[in-house]
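Visitor: Heads up, the sequence shown is in the numbering used here, so the first residue is 281 and it goes up one at a time. All residues carry an ideal CB built from backbone N, CA and C; glycine is no exception. Quick caveat, the model's predicted, so the values are computed rather than measured. What follows is a structure written as structure tokens; I'll ask about it next.
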Amino acid sequence: MKSSTAIENITVKTLVVLCALSLLHLPGCGAGSENNLLKALGLAAGSDRSGSARIIAATGGTVQLNDEVKLTVPANALAEDITITIERVKDIPFADADGLASFGQAYRFLPAGTTFDLGAPAILEMNYDSTNLALKGFNPETMQICYYDEALKCYVPVICSVDTVRKKITAQIEHFTVYLPMARALLPTNNEPYVGLQAPWPTTVRAGAPIYVRATVRDFDGALAGVKLTYRKLHGAGAGVWNDAQMIKQVNPQATLHTYGYLIPASFLTAADIGDGNDIEYRIEATDNLGSIRTSATRRYDVTLAYQPGSLTINPATLDITAGFERCLLARGVDNNDTTFSLVPETFIMDGGSANLENRFAQGILLQAITETPAGSPDQFVAGFEGESATASVTVHAGELESIEILDTSGLSIPGDLAISEGTLYEFDVVGRDGYGNTIPVIPSWSADSSIGFIDTDGVLDTTGCHGPGVVTASLAHLTDMQNVYVQSRAKEITAFSINGVDGVIAYPFITVTLPAGADVTDLVAAFTTSGTSVTVDDIEQESGVIANNFTDPVVYRVTAEDGSTQEYTVSVSVTSAACIDLDDDGYGENCSLGFDCNDYDPNIHPGAQEICDGLDNDCDGVFDADSSSNYLTQSCYDGDPQTIDVGECRAGIQTCLDGYWGACAGQVLPSEEVCDGEDNDCDADYDENLTRACYTGPFETRNEGLCQDGTQTCFAGEWGACEGEVLPSEEICGDFLDNDCNAEIDEICM
281 MKSSTAIENI
291 TVKTLVVLCA
301 LSLLHLPGCG
311 AGSENNLLKA
321 LGLAAGSDRS
331 GSARIIAATG
341 GTVQLNDEVK
351 LTVPANALAE
361 DITITIERVK
371 DIPFADADGL
381 ASFGQAYRFL
391 PAGTTFDLGA
401 PAILEMNYDS
411 TNLALKGFNP
421 ETMQICYYDE
431 ALKCYVPVIC
441 SVDTVRKKIT
451 AQIEHFTVYL
461 PMARALLPTN
471 NEPYVGLQAP
481 WPTTVRAGAP
491 IYVRATVRDF
501 DGALAGVKLT
511 YRKLHGAGAG
521 VWNDAQMIKQ
531 VNPQATLHTY
541 GYLIPASFLT
551 AADIGDGNDI
561 EYRIEATDNL
571 GSIRTSATRR
581 YDVTLAYQPG
591 SLTINPATLD
601 ITAGFERCLL
611 ARGVDNNDTT
621 FSLVPETFIM
631 DGGSANLENR
641 FAQGILLQAI
651 TETPAGSPDQ
661 FVAGFEGESA
671 TASVTVHAGE
681 LESIEILDTS
691 GLSIPGDLAI
701 SEGTLYEFDV
711 VGRDGYGNTI
721 PVIPSWSADS
731 SIGFIDTDGV
741 LDTTGCHGPG
751 VVTASLAHLT
761 DMQNVYVQSR
771 AKEITAFSIN
781 GVDGVIAYPF
791 ITVTLPAGAD
801 VTDLVAAFTT
811 SGTSVTVDDI
821 EQESGVIANN
831 FTDPVVYRVT
841 AEDGSTQEYT
851 VSVSVTSAAC
861 IDLDDDGYGE
871 NCSLGFDCND
881 YDPNIHPGAQ
891 EICDGLDNDC
901 DGVFDADSSS
911 NYLTQSCYDG
921 DPQTIDVGEC
931 RAGIQTCLDG
941 YWGACAGQVL
951 PSEEVCDGED
961 NDCDADYDEN
971 LTRACYTGPF
981 ETRNEGLCQD
991 GTQTCFAGEW
1001 GACEGEVLPS
1011 EEICGDFLDN
1021 DCNAEIDEIC
1031 M
């Protein structure tokens, strides 16, 4: 069953690692309509993928940079309307990242200083390159989105999930900074748990208010045995004394979370405990089932703000709700800077028994209405900490489901029409509401126009082979909601290219044009056809047969598809002369029929040559030591006897070419000394062979005394067998001049 929280809150559905979905064949999906039909129906051409968009605080919206990254802002998450911009970041600081390393593009979100309501963080989706991940030797299970904290000079993880089917990482973010994907390699033996300190709650620590400490903790090859928080204050009474507490995993029926938390009470750090410099510090220790321990770095905070007594409130202060529906209630306080902030209350209760309560931490206290309250007698919801409390008046009414709404794949309301890229799976959600705006889980029936694809019973739309407008419909009894959808084409090819009537040779990602001798390449107008929606050179839109460019050097044409994705073609123009100049006799060179040679002094370097690990661009594609897709060259490697590869435990590894040299052999398993474990450790096609050891089952002090002697154990199928051949102590025999009982005395009973 799908579910949602209150209107102003993000459904935790976005934190679920999405299930793998099989692609469905969709007969009858036509090529769709052209853009004029799209406009005639009043449908937008999709979310702006330029990396910048105006977001209205009351409704929220999305900002997208091509098909790389998307930010979804829920309604009422911002304090005011702003224009959000996403920028690629080339250089990132070198800093501690709890054992993780970056593997993909980093992005900066602007304007700097933007924060979201802590009950409604923004949803960040990043696409990742699985090939790049594998080349670095990183495991997809370890992927994590982090941000660089300028004050702490380290990388901080955020709550996120990974969809390895759609190659997407989804995270919730609370403020703007630089975000990037990180991961690590896993060892073939037991790996230490991963411990990453998240920002506390609230993110700015206030004295006199509860501090909810959060951390991402994961074990990749076993189970966690415990997560311990150790904390202390640095000034005031009790300063310097460490406190220990077991952290509790945040549990949600709709999500698999790796977040552990502990609420430090408001009484621990008061305004009297604020001194010069840092005021509180803590660290986290995680232990797995095999005893491996990972301890985080110590996090310290300089606390300058304090909770303003008597300012605690509950939002909403008055709640009308229908039985069976749910709503999140948020506790908020004001600090001595008159800034309102959300916090996690230490206690919460509601009289009357008309609702169930559940702590959802960042999202607030989830109230699930059960039975109606008597007219004029609302129940009182009370939450607070250390003598501070606030009350909300809750009236539960009898009523029914009044409306349903289709939500996007992040579980948020869809402002206007929705654009989806062709050939993708898109998972819709749905929410039911009462007459007061509260929500309830519902399971509708789904349908979709064949022009946009096939939708299954779980609301997953498959757009394979489709293009054009259509409608998705959710129905439950007499209630219906419809969503306009436009499936956008991903086509972005240059299908024909010519200059001065001379056709170019298109071999993606290259286009070559050879002009007659004497042609001026500094001012040439190209004619082209494309399956995309626009073509640009240096961000200047090109019009076929109109715009001139200087082709002295290769010119890059960027083609944008209808869905905003792009691909680039490098156009090279050469001018023929009286003769082909081919200095290295490889058929390539100036004015040669095969085309230009990027190195005419080496016959092994020319377009189409095999790329090898030598630090050179052998195939003239602009990159060295990499294939045509810019993937690093790799090769299988093994440092042991070749006859032992894939025998027993032995396995080959992978070498990656970097700067003209093959790197270390990563991941190989070499022969090792045979041990009694049922495995072929020395990779000789036999296991546990000829393994014996001395044994003795008698008292330790009698071993090798008198007649006593060791036996022998033999390994079989990974287990040590019985101790055979040992001589154990026996009753002393008088007069045989032997130490029968192995006590270092002979015939002592004869005395």
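According to DSSP, simplified to helix, strand and coil, what is Gly506?
Guide: The answer is strand: DSSP assigns Gly506 an E or B state.
Visitor: Below 8 angstroms between beta carbons: does that hold for Thr593 and Arg612?
Guide: Yes; because the gap between Cβ atoms is below 8 angstroms, this pair is in contact.
Visitor: What is the rounded straight-line gap between the Cα of Ile735 and the Cα of Thr760?
Guide: Roughly 16 angstroms separates the two Cα atoms.
Visitor: Does the separation of the CB atoms of Asp553 and Gly502 fall below 8 angstroms?
Guide: No, they are not a contact pair.
Visitor: Please classify Ser845 as buried or exposed, where buried requires at least 16 neighbouring CB atoms within 10 angstroms.
Guide: When all chains shown are included, Ser845 counts as buried.
Visitor: Go ahead and pull the three-state DSSP assignment for Cys872.
Guide: In the structure shown, Cys872 sits in coil (DSSP, three-state: anything other than H, G, I, E or B).
Visitor: With 16 other CB atoms within 10 Å as the buried threshold, where does Gln763 fall?
Guide: Flag for Gln763 reads buried.
Visitor: Measuring CA to CA, which of Ser725, Gln526, Thr411 and Ala495 is closest to His276?
Guide: With the chain covering only 281 through 1031, there is no way to say anything about residue 276.
Visitor: Give the range of the beta strand (DSSP E) segment to which Leu610 is assigned.
Guide: Residues Glu606 to Val614.
Visitor: Applying the criterion that 16 or more other CB atoms from any shown protein chain within 10 Å of the CB defines a buried residue, is Leu863 buried or exposed?
Guide: Under this definition Leu863 is an exposed residue.
Visitor: Which residues does DSSP pair with Leu225 in a beta bridge?
Guide: Outside the displayed range of the chain (281 to 1031) lies residue 225, so it cannot be described from this structure.
Visitor: Quick test of the definition: if touching needs 3 or more C-beta pairs under 8 angstroms, does the region 1011-1025 touch the region 990-999?
Guide: The answer is no - the region 990-999 does not touch the region 1011-1025, with fewer than three Cβ pairs under 8 angstroms.
Visitor: With Phe242 and Ala776 assumed to form a contact (beta carbons below 8 angstroms), what rounded beta-carbon distance in angstroms separates them?
Guide: The question about residue 242 has no answer here: the residues shown for the chain are numbered 281 through 1031.
Visitor: Taking C-alpha atoms, which residue in Ser634, Tyr540 and Gly644 lies nearest to His677?
Guide: It is Ser634 whose Cα lies nearest to the Cα of His677.
Visitor: Whose C-alpha, out of Arg388, Thr395, Leu351 and Tyr511, is nearest the C-alpha of Thr450?
Guide: Comparing Cα positions, the closest option is Leu351.
Visitor: Based on DSSP bridge pairs, tell me the residues matched to Pro461.
Guide: According to DSSP, Pro461 bridges with Ile425.
Visitor: Just the C-alpha distance for Gly664 and Pro437, rounded to the nearest angstrom, thanks.
Guide: If you take the alpha carbons of Gly664 and Pro437, they lie about 29 angstroms apart.
Visitor: Counting along the chain, where does the alpha helix (DSSP H) carrying Leu415 start and finish?
Guide: Element bounds for Leu415: Ser410 to Leu415.
Visitor: By the DSSP assignment, the beta strand (DSSP E) with Asp524 in it spans what residues?
Guide: Its beta strand (DSSP E) spans residues Asn523 to Gln526.
Visitor: May I ask which residues mark the beginning and end of the beta strand (DSSP E) holding Phe777?
Guide: Counting along the chain, the beta strand (DSSP E) containing Phe777 begins and ends at Ile774 to Ile779.
Visitor: In chain order, what residues of the same chain have a beta carbon less than 7 angstroms from the beta carbon of Ile686, not counting five sequence neighbours either side?
Guide: Only Ile694, Phe708, Val710, Val752, Ala754, Asp761 and Gln763 meet the Cβ criterion.
Visitor: To the nearest angstrom, report how far apart Arg446 and Ser669 are at their CA atoms.
Guide: If I take the Cα positions, the gap works out to 46 angstroms.
Visitor: Pop quiz: Ser824 and Ala771 are said to be a contact at Cβ under 8 angstroms. What is the actual Cβ separation, rounded to whole angstroms?
Guide: In fact, because the Cβ distance is near 17 angstroms, the residues do not count as touching under 8 angstroms.
Visitor: Can you give the beta carbon distance from Val624 to Pro724, rounded, assuming they're within the 8 angstroms contact cut?
Guide: With a Cβ gap of about 34 angstroms, Val624 and Pro724 do not count as contacting.
Visitor: Under 8 angstroms between the Cβ atoms of Ala699 and Leu609?
Guide: Contact: no.
Visitor: Among the residues of its own chain, which have a CB less than 8 angstroms from the CB of Val722, if the five just before and after it don't count?
Guide: Closer than 8 angstroms at Cβ, skipping near neighbours: Lys282, Leu681, Ile684, Val710, Val711, Gly712 and Leu756.
Visitor: Do you know offhand how far Gly340's Cα is from Ser332's?
Guide: Answer to the nearest angstrom: the Cα atoms are 14 angstroms apart.
Visitor: Rounded to whole angstroms, what is the Cα-Cα separation between Asp429 and Ser916?
Guide: For Asp429 and Ser916, the distance between alpha carbons rounds to 39 angstroms.
Visitor: Tell me, to the nearest whole angstrom, how far the beta carbon of Ala603 is from that of Ala649; I am working on the premise that it is less than 8 angstroms.
Guide: The Cβ separation is near 5 angstroms, so the contact holds.
Visitor: Just to confirm, are Thr395 and His455 a CB contact at a threshold of 8 angstroms?
Guide: Yes; because the gap between Cβ atoms is below 8 angstroms, this pair is in contact.
Visitor: Thinking C-alpha only, which one of Ser727, Asp347 and Ser731 is nearest Thr737?
Guide: Selected option, being the one with the closest Cα: Ser727.
Visitor: Nearest CA to the CA of Ser854: which residue from Pro834, Ala841 and Gly781?
Guide: Ser854 has its Cα closest to that of Pro834, out of Pro834, Ala841 and Gly781.
Visitor: Am I right that Ala479 and Ala586 are in contact with their C-beta atoms under 8 angstroms? What's the rounded C-beta distance?
Guide: In fact, because the Cβ distance is near 19 angstroms, the residues do not count as touching under 8 angstroms.
Visitor: Considering Leu795, what are the terminal residues of the beta strand (DSSP E) in which it resides?
Guide: Where Leu795 is concerned, the enclosing beta strand (DSSP E) stretches over Phe790 to Leu795.
Visitor: Which residues bound the beta strand (DSSP E) around Leu227?
Guide: Because the chain is modelled from 281 through 1031, residue 227 falls outside the range shown and cannot be assessed.
Visitor: Which stretch, first to last residue, makes up the beta strand (DSSP E) that contains Ala670?
Guide: Run containing Ala670: Glu668 to His677, per the beta strand (DSSP E) assignment.
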